[in-house]
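All residue numbers for the sequence shown refer to our numbering, where the first residue is 163 and numbers rise by one. For each residue, glycine too, the CB sits at the ideal point set by N, CA and C.
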Amino acid sequence: MTGKVKKEHQDDFIEKTRAFWGDRTGIAVSKEDAREMVANISGFFRVLAEWDKKARLEAGSRSSKAVGKEDRHEGHQGHGLTSSL
């Protein structure tokens with residue numbers, strides 16, 4: 163977990179994680195196991211967020227390049243119509 167969360171909130175969340183998974187699995191979950199679960203799922207969502215940001219930046223870059231090509235194309239063709247019409 164990041165340093166942005168107060169220690170008492172971290173401990174409370176870890177305890178809730180222990181209770182949640184312990185109740186559903188019937189297996190006692192240690193504090194360390196719960197901490198690791200929280201760290202793993204946090205890391206997973208962090209990676210998803212990084213991938214999403216990268217995809218959005220790449221899509222924006224492709225989009226702006228396409229608009230630039232259309233602008234140049236329209237300037238040379240008159241009304242943006244292709245020569246095949």
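When DSSP states are grouped into helix, strand and coil, A190 belongs to the coil group. For K178, the secondary structure class from DSSP, reduced to helix, strand or coil, is helix. When secondary structure is reduced to three states using DSSP, K169 falls in the helix class.
Here the C-alpha atom of E170 lies approximately 24 Å from the C-alpha atom of R186. CA-CA distance, W183 to R224, rounds to 44 Å.
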